[in-house]
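> Those letters in the sequence shown? Residues 1 to 136, by UniProt numbering.
From the three backbone atoms N, C-alpha and C, an ideal C-beta is built for every residue, glycine too.
Small disclaimer: the values here were computed from a predicted structure and weren't measured.
Take a look at this one; I'll ask things after.
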Amino acid sequence: MDNVIYTNTAERSAAINIGGKEYELVLTTRATKAIAGRYGGLENLGEKLMKSENFEMALDEIVWLLTLLANQSILIRNLKNKNVPEELLTEEEVELLTSPLDLAAYKNAITEAMFKGTKRNVESEDDTSLKNAEVE
């Protein structure tokens with residue numbers, strides 16, 4: 001397990017403000033499973049959002065996704081701070097504390113969180129001692 005590097009949520013999240021409170025959108029394995037259950041996989045997510053039959057359905061999907069991703073950071077904090085759990089954000093709260101214009105702006109944050117959540121950090125091993133070694 002020496003090759004496993006644990007990242008903090010800030011490295012794999014995007015921040016948004018809902019109702020004057022900042023939330024981190026984090027794509028976790030749990031969120032990925034929920035997205036796969038709803039859309040059939042991450043690759044189908046964009047297509048589903050673009051092909052929503054009507055404006056109301058598109059808004060519902062964005063609200064669901066925002067709530068899911070914002071709650072991941074709360075769940076992570078609650079896991080680490082079991083004595084002081086924070087309440088999860090509800091879809092109703094997101095609907096009441098945002099405007100359709102806000103939701104359009106949050107699309108970039110959703111995309112950023114998804115990108116960071118699926119990003120792979122590749123590190124090469126230090127082979128400098130072998131690079132310039134003489135061959136006998």
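What residue from G46, N78, R38 has the CA that sits closest to K107's CA?
Residue G46 is the option with its Cα nearest to K107.
> Please confirm if the segment 62-74 is in contact with the segment 20-28, defined as three or more CB-CB distances below 8 Å between the two stretches.
Because the criterion of three Cβ pairs below 8 Å is met, the segment 62-74 and the segment 20-28 touch.
> In chain order, what residues of the same chain lie with their CB nearer than 7 Å to the CB of I35, ignoring the 5 residues before and after it?
Hits under 7 Å: L42, L45.
> Please work out which residues of its chain come closer than 7 Å, Cβ to Cβ, to T32, disregarding the five sequence neighbours upstream and downstream, and give them in chain order.
So the list reads L42, once near-sequence residues are dropped.
> Check V26 in the structure and name its three-state DSSP category.
In the structure shown, V26 sits in a strand (DSSP, three-state: E or B).
> Terminal residues of the continuous beta strand (DSSP E) containing S13?
Looking at the DSSP string, the run of the beta strand (DSSP E) that includes S13 is 13-18.
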